[in-house]
Amino acid sequence: MRTNRTADIIIIGAGVYGCGIAYNLAKNGANNVVLLERKAICSGGTAKSCAASRTHYSIQTNLIHAVESLKIFENFGEIVGGDPGFRRTGYLILGPEEYGEPMQAVFRRQNEYGIDTATVSREEAAQIHPLLYLDDVEVIGYDTRGGYCDPYLTTMSYARRAQDLGVTIETNTPVTGIRLNGRVKTVQTPSGDFESSIVVLAAGPWTRAVGEMIGVELPYVVSRHKVITLKGDQPYQIDWPIVKDMTTPDKIYLRSDRGGTVLVGTGDHGDPIQDPDSLTDQVDQAHISRISGLISRRMPEFFRTAECTASWTGPYDITPDWNPLVGPVPGRDDIYVAVGFSGHGFKLAPTISEALAQSVLGLEPRLPISEYSMTRFSQGEALHGAYGIGSIS
Ligand SMILES: Cc1cc2nc3c(=O)[nH]c(=O)nc-3n(C[C@H](O)[C@H](O)[C@H](O)COP(=O)(O)OP(=O)(O)OC[C@H]3O[C@@H](n4cnc5c(N)ncnc54)[C@H](O)[C@@H]3O)c2cc1C
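For my numbering, add 175 to where a residue sits in the sequence shown, where the first one is 1.
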């Protein structure tokens, strides 16, 4: 007969959140933390992420986490240890006339928090990013501190530092059931059971299935989002800023990549799916054609010779207000969730995982997370951003 292994805290899922929470728990003094991952570290949504970091958020809690997380990405080696592959490119945001006022208001808020976003003219923007056609754009914001990370390196850095601080990470260990016996939770896996008094559910889009094991219902849907890469005769420079095009219906973004390519993702437009395991990397020709149409308008010269060189898909876990669900499960102080990042969670991971870890340990979180509570929907406190419901809130 196998004896159950025990832990003080069990985390389920080793994406950027599970690993970030594990590191921050250990850093804040937790002992005997076990992280269970069904496959390999960083094999879920994080592996598919474009990992772009922007601070343009109209909801203050998001803005604070984006700014403070960016500071951690910028100084990751000293603060956490390891290399997240952060590349500072700057960030250009393009808006139609109707977003003029809210965008200016967000620029001012970003400035208050130390981000140098300024309105720039079309001519100035064209100097920063010479491929862009901008005659149809009414508002342009630019900050020099936006950029992107390597999501795998970031997650592995958190995992390694967590292990350095004593966390046990069990890969190829899917959680198949959880039994509640009062405060003791028995977490079942094919390689044996684990007992713990505290459990943190951080299984990304698969968290619903884990929550159902203990009767926790999580309000989010899963959607399949597509990314394509384009390459033309004219190399897309690696240091050109990320471009968020708010004039397009699905708010596409452009991000440089190695080898002179540009990666194009959609902010708001995805295909709903029931089961995240049904996800395939297949991207249909209709999507490539639609995105090509948008790119031919925004970068006509580049598009003349551009070809789609790669494509993939990844899952978004989308809550009703497109904002995260982070904190204790209602009515319990021993089961926590970190889920529902709605396609914009990577950039917030350093400080949300820190704040959740502090909250699990009964410490006052350095930064607020109470607005991300699961109860906000039933209490009429859903979060509303200036651009309506969507990934940029
Ligand atoms: C295409 C795409 C592009 C994106 N671009 C950006 C961007 O530019 N900027 C940004 O900020 N955000 C972006 N995001 C969002 C961001 O990447 C995610 O919000 C974030 O990575 C989610 O991390 P996670 O740890 O919650 O989930 P995941 O990375 O999905 O991790 C969950 C883990 O749980 C494991 N797991 C599942 N079930 C079990 C089980 N039963 N037992 C044990 N383990 C289990 C999985 O294997 C997985 O490793 C993007 C997302 C996608 C898909």
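Where is the CB? At the ideal position from N, CA and C, for every residue including glycine.
For phenylalanine 552, which residues from the same chain have a beta carbon less than 7 Å from its beta carbon, with the 5 sequence-adjacent residues on both sides left out? Pro394 and Pro495
Just list the residues that DSSP pairs proline 503 with in beta bridges. Tyr511
Beta-carbon within less than 6 Å of threonine 292's beta-carbon, same chain only, minus the 5 sequence neighbours each way: which residues are those? Phe282, Gln285, Gly316 and Asp318
Return yes when at least one heavy atom of ligand 1 lies under 8 Å from the C-beta of threonine 348, else no. yes
Since leucine 267 is in the beta strand (DSSP E), which residue starts that stretch and which ends it? 266-270
Taking just the CA atoms, how far does threonine 361 sit from aspartate 311? 58 Å
By alpha-carbon positions, which one of His462, Met549 and Phe477 ends up nearest to proline 505? Met549
Distance cut-off 8 Å: glutamate 476 Cβ against heavy atoms of ligand 1: no
Enclosing beta strand (DSSP E) for cysteine 194 [first to last residue]: Not the beta strand (DSSP E): cysteine 194 falls in the alpha helix (DSSP H), residues 191-202.
Use the C-beta contact count for arginine 473: other C-beta atoms within 10 angstroms, 16 or more gives buried, fewer gives exposed. buried
So, histidine 444 versus aspartate 425, is the Cβ gap smaller than 9 Å? yes
For asparagine 199, count neighbouring C-beta atoms within 10 Å of its own C-beta (all shown protein chains included) and say buried if the count is 16 or more, exposed if not. buried
I'd like to check one pair, glycine 435 with serine 332: are the Cβ atoms closer than 9 Å? no
For glutamine 302, is the classification buried or exposed, using 16 other Cβ atoms within 10 angstroms of its Cβ as the cut-off for buried? exposed
Alanine 228 to threonine 526 span [Cα, whole Å]: The question names alanine, but residue 228 in the sequence shown is serine. For serine 228 and threonine 526, the distance between alpha carbons rounds to 13 Å.
Start and end of the alpha helix (DSSP H) containing histidine 462? 460-473
So, does the stretch 208-226 touch the stretch 379-386, judging by three or more C-beta pairs under 8 Å? yes
What's the gap between the Cα of isoleucine 510 and the Cα of valine 295? 47 Å
Neighbour-count burial assignment, valine 350, 16 or more Cβ in a 10 Å radius: buried
For the candidate residues Lys522, Glu287 and Leu536, whose alpha-carbon lies nearest to that of aspartate 508? Leu536
Cβ of phenylalanine 521 within 8 Å of any heavy atom in ligand 1? yes
Residue range of the unbroken beta strand (DSSP E) whose run includes arginine 354: 352-356
Under a three-way DSSP split, which group does tyrosine 317 fall into? strand
Beta-bridge pairing of valine 208 - partner residues as DSSP gives them: Ile184
Closest residue to threonine 348 among Gly270, Ala215, Arg358 and Glu299 (Cα-Cα distance): Ala215
Glutamate 392 classed as buried or exposed, judged by whether at least 16 other C-beta atoms fall within 10 angstroms: exposed
Regarding cysteine 225 and ligand 1, is the C-beta to nearest heavy atom distance less than 8 Å? yes
By DSSP, does glutamate 556 sit in helix, in strand, or in coil? coil
In angstroms, rounded to a whole number, what distance separates the CA positions of tryptophan 487 and alanine 226? 14 Å
So, are the CB atoms of alanine 532 and valine 342 less than 9 Å apart? no
Under the three-state reduction of DSSP, which class applies to phenylalanine 521: helix, strand or coil? helix
With hydrogens ignored, establish whether the beta-carbon of cysteine 217 is closer than 8 Å to any heavy atom of ligand 2. The model on display carries ligand 1 but not ligand 2.
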